[in-house]
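Undergrad: One structure is given below, represented as C-alpha cells, and several questions about it will come after.
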Amino acid sequence: MSSYLRVVLAILEKDVRKELRTKEIVSSMFVFAVLVLVVFNFTLALDETRALELGPGILWTAFIFASTLGLNRSFAGERENQSLSGLMLAPVDRSAIYFGKLLSNLLFILAMEIFVLPLFVVFFNLNVWEVLPGSDLAWFGLVLVLGTLGYTALGTILAAVAANTTMRDVLLPMLLFSFAIPIIIAAAEATRLLFDVDPLSDPGTWVTLLAGCTTSYLAVSWMVFEYVLEE
C-alpha cells in the first residue's frame with residue numbers, strides 16, 4: 003500500500019473513530035434534515051400527485067441544508083485543535099488530506115441520507131415500488147451517489163477555504179450554495195423525472211450533467227487543495 007493511500011485511509015479512520023465517539027456530525031445532520039421534512043410536510047399538506055411533483059425538490063433541500071451543516075465542521079475541528087498543521091507535515095502529497103476528508107464527509111452524509119429516506123417516504127405517503135419500479139430505483143441510487151459526491155467534493159474544498167476565516171459559519175454556505183447550483187439543479191431534476199409517472203421521462207441528460215459536474219469539481223479540488231492549505 004502506497005504512503006498516499008495510507009494517509010487517505012488514516013484520515014478517514016481518524017474521522018470515523020471521532021464520529022463514533024461523539025456522534026455529533028451525523029446526528030446533527032439527521033435532526034436538521036428531519037426538521038426540514040417536517041416543516042414542508044405540515045405547511046404544504048401535499049396530496050399524492052403534488053408530493054410526486056414537489057417531493058424531489060424538498061428531499062434535496064433537506065439533504066443540501068443538512069450536508070452543509072456537517073461540512074462546516076469538516077475542517078473547523080482540525081483548525082481548533084491545531085491538528086491540520088500535523089497533517090501538513092506528513093511526507094505525502096497534500097491532496098491526500100483532501101481525499102481523506104472527502105471520504106469521511108461522504109460517508110457521514112450518505113449515512114444521514116440513508117436514515118432520512120425512509121422518513122421522507124412515510125411523511126409524504128409514497129409507495130416506493132410504484133414510484134421507482136425496477137431500474138428507476140437503480141437510477142435513483144446513482145443520482146443520489148453522484149449528487150452527494152459532487153456536493154461533498156465542492157463542500158470539502160470550500161470548507162478548507164472557510165476554515166481560515168473568522169466568518170466560516172456564514173462564508174461556507176454563501177460560497178457552497180452559489181457554486182453548487184449545477185449539482186443541485188441536476189440532482190433535483192433527475193430525481194423529479196424518476197418520480198414522474200410518465201414512462202417516457204428520461205433523466206439521462208441530467209444524470210450526464212451531474213456526472214460531468216462531479217468530475218469537474220473533483221479534478222479542480224484535487225489541483226488547488228495544496229494552495230488552499232498554504233493560505
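First residue of the sequence shown: 3, per my numbering; consecutive thereafter.
Idealized CB from N, CA, C, for every residue including glycine.
Note that the coordinates shown come from a computational prediction; the quantities given were computed from them, not determined experimentally.
Can you tell me which of Ala182, Val94 and Leu7 puts its alpha carbon nearest to the alpha carbon of Thr150?
TA: Out of Ala182, Val94 and Leu7, Ala182 has the C-alpha closest to the C-alpha of Thr150.
Undergrad: Does the separation of the CB atoms of Phe122 and Ile60 fall below 9 Å?
TA: Closer than 9 Å, so yes.
Undergrad: Taking C-beta to C-beta, are Gly157 and Leu174 nearer than 9 Å?
TA: Yes, the Cβ-Cβ distance between Gly157 and Leu174 is below 9 Å.
Undergrad: Count the other CB atoms, across all protein chains shown, that sit within 10 Å of the CB of Leu220; report buried if there are 16 or more and exposed otherwise.
TA: Counting Cβ neighbours within 10 Å, Leu220 comes out buried, since at least 16 surround it.
Undergrad: Between Val118 and Val9, is the Cβ-Cβ spacing less than 9 Å?
TA: The answer is no: Cβ separation not under 9 Å.
Undergrad: Report yes if the CB atom of Ala165 is closer than 9 Å to the CB atom of Ser223, and no otherwise.
TA: No, these two residues do not count as a Cβ contact at 9 Å.
Undergrad: Can you have a look at Asn107 and say buried or exposed, based on whether 16 or more other CB atoms are within 10 angstroms of its CB?
TA: Buried, since its Cβ has 16 or more Cβ neighbours within 10 Å.
Undergrad: Going by other Cβ atoms of all chains shown within 10 Å of its Cβ, with 16 needed for buried, is Asn74 buried or exposed?
TA: Buried.
Undergrad: Could you have a look at Asp49 and say whether DSSP puts it in helix, strand or coil?
TA: Reduced to three states, the DSSP call for Asp49 is coil.
Undergrad: Can you give me the C-alpha to C-alpha distance between Leu146 and Asn127, rounded to a whole angstrom?
TA: About 20 Å.
Undergrad: Can you round the beta-carbon distance between Phe125 and Leu39 to whole angstroms, since I take them to be within the 8 Å contact cut?
TA: Going by Cβ atoms, the distance from Phe125 to Leu39 rounds to 5 Å, so yes, they are a contact pair.
Undergrad: Where do the N-terminal and C-terminal ends of the alpha helix (DSSP H) with Lys16 fall, by residue?
TA: That run of the alpha helix (DSSP H) goes Ser5 to Thr24.
Undergrad: Along the chain, where does the alpha helix (DSSP H) containing Pro184 start, and where does it finish?
TA: It spans Ile183 to Phe197 - the alpha helix (DSSP H) in which Pro184 sits, taken as one unbroken run.
Undergrad: Using the C-alpha atoms, what's the distance from Asn43 back to Asp17?
TA: Answer to the nearest angstrom: the Cα atoms are 34 Å apart.
Undergrad: Compare the beta carbon distance of Phe227 and Arg96 with 9 Å and say whether it is the shorter of the two.
TA: Yes, these two residues count as a Cβ contact at 9 Å.
Undergrad: Please determine, among Ser218, Asp198, Ala189 and Leu105, the residue with the shortest C-alpha to C-alpha distance to Thr207.
TA: Answer by Cα proximity: Ala189.
Undergrad: Excluding sequence positions up to five away, which residues of its chain have a Cβ less than 6 Å from the Cβ of Phe34?
TA: Same-chain partners within the cutoff: Ala68 and Leu71.
Undergrad: I need the DSSP call for Phe126, collapsed to helix, strand or coil.
TA: Coil, per DSSP.
Undergrad: Please identify the residue among Ala192, Met225, Val230 and Met169 whose C-alpha is closest to the C-alpha of Leu54.
TA: Among Ala192, Met225, Val230 and Met169, the Cα nearest to that of Leu54 belongs to Ala192.
Undergrad: Measuring only the C-alpha atoms, how far is Ile159 from Phe32?
TA: Computed Cα separation, rounded: 22 Å.
Undergrad: Near Ala185, which residues of its chain fall below 8 Å by C-beta distance, leaving aside the five closest residues on each side in sequence?
TA: Sequence inspection shows Ile at residue 185; the Ala mentioned does not correspond to that position. Closer than 8 Å at Cβ, skipping near neighbours: Gly149, Gly152, Tyr153, Leu156, Leu212, Cys215, Thr216 and Tyr219.
Undergrad: So is Ile116 buried or exposed if we call it buried at 16+ other beta carbons inside 10 Å?
TA: Classification of Ile116: exposed, given that the 10 Å Cβ count is below 16.
Undergrad: Going by the CB atoms, is the gap between Leu144 and Val209 shorter than 9 Å?
TA: In this structure, Leu144 lies closer than 9 Å to Val209 by Cβ.
Undergrad: In chain order, what residues of the same chain lie with their CB nearer than 6 Å to the CB of Phe77, ignoring the 5 residues before and after it?
TA: Hits under 6 Å: Ala161, Ala162 and Ala165.
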